[in-house]
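So the sequences go chain by chain: X and E.
Using the working numbering, count along the first sequence one by one with no gaps and you end on 112.
Using the working numbering, count along the second sequence one by one with no gaps and you end on 225.
Ideal placement from N, C-alpha and C gives every residue a C-beta, glycine not left out.
Predicted model, so just to flag it, every value in this text is computed and none were measured.
Each remark here refers to the structure printed beneath this line.
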Amino acid sequence: DAKTTQPTSMDCAEGRAANLPCNHSTISGNEYVYWYRQIHSQGPQYIIHGLKNNETNEMASLIITEDRKSSTLILPHATLRDTAVYYCIVRARIQGAQKLVFGQGTRLTINP
Amino acid sequence: DSGVTQTPKHLITATGQRVTLRCSPRSGDLSVYWYQQSLDQGLQFLIQYYNGEERAKGNILERFSAQQFPDLHSELNLSSLELGDSALYFCASSVAGYTGELFFGEGSRLTVL
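Okay, structure coming up:
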């Protein structure tokens with residue numbers, strides 16, 4: 001699985017858009033980009049995933065560069081409840097064993 | 113609420129003891145995953161089951177074992193407990209064995225004294 005690089009921490013003002021970058025320069029053609037977050041010590045929460053097209057759901061938007069070597073998770077109107085550790089993971093979606101590997105993630109703090 | 117249920121939520125025990133953590137996956141999910149999260153480490157993948165069969169193994173200690181039963185619930189057994197086993201243990205489930213969309217439970221916090 002391709003490795004990812006994320007900033008250790010970020011701050012964002014409440015109500016503003018939070019843009020979380022992820023570098024995955026060694027991503028393979030069949031690997032998807034997944035985003036999860038973990039609020040305090042709760043179980044991680046799936047946010048969104050994509051292959052090469054930009055994706056949007058009720059939680060966030062995912063922008064993947066054309067060369068697929070990096071992506072950005074966008075929380076359009078951040079709230080205090082969005083304070084969490086955000087994990088960017090790349091994983092091939094193939095039949096067989098599934099081992100989602102979490103890195104250190106980005107600790108996002110939303111400030112009032 | 114992810115739909116994944118883990119019990120117990122908290123457990124305090126002594127070194128050398130054995131405990132069992134239980135996980136009920138979301139209705140319809142066939143795959144179950146176990147992760148360990150200690151204070152100084154991130155989420156560590158332990159093991160995955162799909163429809164009763166082991167599918168993938170991570171850095172799971174030999175003192176730990178797991179199984180998935182015909183009703184698809186899973187148990188993680190931890191034996192000969194050491195202080196370093198104190199951690200949050202998360203269970204997750206997914207519909208299939210290859211999807212990356214995992215739904216996590218709230219975890220079982222194990223404290224070994």
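From the DSSP output, which residues share a beta bridge with residue i?
| i | result |
| --- | --- |
| Leu38 (chain X) | Reading off the sequence, residue 38 (chain X) comes out as Gln, not Leu. Note: Gln38 (chain X) sits in a beta bridge opposite X:Val85. |
| Leu133 (chain E) | E:Leu188 |
| Ser9 (chain X) | X:Arg107 |
| Thr211 (chain E) | In the DSSP output, where bridge partners are listed per residue, Thr211 (chain E) has none listed. |
| Val33 (chain X) | X:Gly50 and X:Val90 |
| Leu123 (chain E) | E:Leu222 |
| Glu55 (chain X) | X:Leu62 |
| Ala18 (chain X) | X:Leu75 |
| Thr117 (chain E) | E:Ser136 |
Over the uninterrupted beta strand (DSSP E) stretch that includes residue i, give me the two end residues.
| i | result |
| --- | --- |
| Leu100 (chain X) | It is not in any beta strand (DSSP E) - Leu100 (chain X) carries neither H nor E in the DSSP assignment. |
| Ile64 (chain X) | Ser61 to Ile64 |
| Thr223 (chain E) | Ser220 to Val224 |
| Ile47 (chain X) | Gln45 to Gly50 |
| Thr72 (chain X) | Ser70 to Leu75 |
What does a CB cutoff of less than 8 Å around residue i pick up in its chain, not counting 5 residues either side in sequence?
| i | result |
| --- | --- |
| Thr127 (chain E) | Leu193, Glu194, Leu195, Val224 and Leu225 |
| Asn23 (chain X) | Thr4, Thr5, Gln6, Lys69 and Ser70 |
| Arg130 (chain E) | Asn189, Leu190, Ser191, Ser192 and Leu193 |
Cα-Cα, which of the options is closest to residue i?
| i | options | result |
| --- | --- | --- |
| Tyr167 (chain E) | E:Arg175, E:Ser198, E:Arg130 and E:Phe157 | Residue identity differs from the one stated: residue 167 (chain E) is Arg in this sequence, not Tyr. Cα-wise, what sits closest to Arg167 (chain E) is E:Phe157. |
| Thr117 (chain E) | E:Gln149, E:Ser177, E:Ser139 and E:Asn189 | E:Ser139 |
| Lys3 (chain X) | X:Leu75, X:Glu14 and X:Ile27 | X:Ile27 |
| Ala199 (chain E) | E:Gly115, E:Leu133 and E:Ser114 | E:Leu133 |
| Tyr201 (chain E) | X:Ala84, X:Asp82, X:Arg16 and X:Ser41 | X:Ser41 |
| Leu151 (chain E) | E:Asp197, E:Glu218 and E:Ala204 | E:Asp197 |
| Met59 (chain X) | X:Thr79, X:Leu75, X:Asn53 and X:Gly50 | X:Leu75 |
Excluding five sequence neighbours on each side, which residues of the same chain lie with their C-beta closer than 6 Å to the C-beta of residue i?
| i | result |
| --- | --- |
| Thr72 (chain X) | Asn19, Pro21 and Ile63 |
| Thr109 (chain X) | Asp11 and Thr83 |
| Phe102 (chain X) | Tyr87 |
| Ser170 (chain E) | Before going on, a small fix: residue 170 (chain E) reads as Gly here, not Ser. Closer than 6 Å at the Cβ level, and outside the excluded window around Gly170 (chain E), lie Phe157 and Leu158. |
| Phe176 (chain E) | Leu190 |
Suppose the cutoff is 7 Å on Cβ atoms and the five residues either side in sequence are ignored; what does the same chain contact list for residue i look like?
| i | result |
| --- | --- |
| Tyr86 (chain X) | Leu20, Trp35, Arg37, Leu73, Gly105, Thr106 and Leu108 |
| Gly219 (chain E) | Gln118, Leu200, Tyr201 and Phe202 |
The ligand MN heavy atoms versus the CB of residue i: any closer than 8 Å?
| i | result |
| --- | --- |
| Met59 (chain X) | As for the ligand MN, it is missing from this structure, which has no ligand bound. |
Completely contained beta strand (DSSP E) runs for the region 142-208 of chain E, where each covers 3 or more residues: 143-149, 155-162, 165-169, 176-180, 186-190 and 199-206
Residues from the region 29-53 of chain X in contact with chain B, defined by Cβ distance under 9 Å: Protein chains in the displayed structure are X and E, and chain B is not among them.
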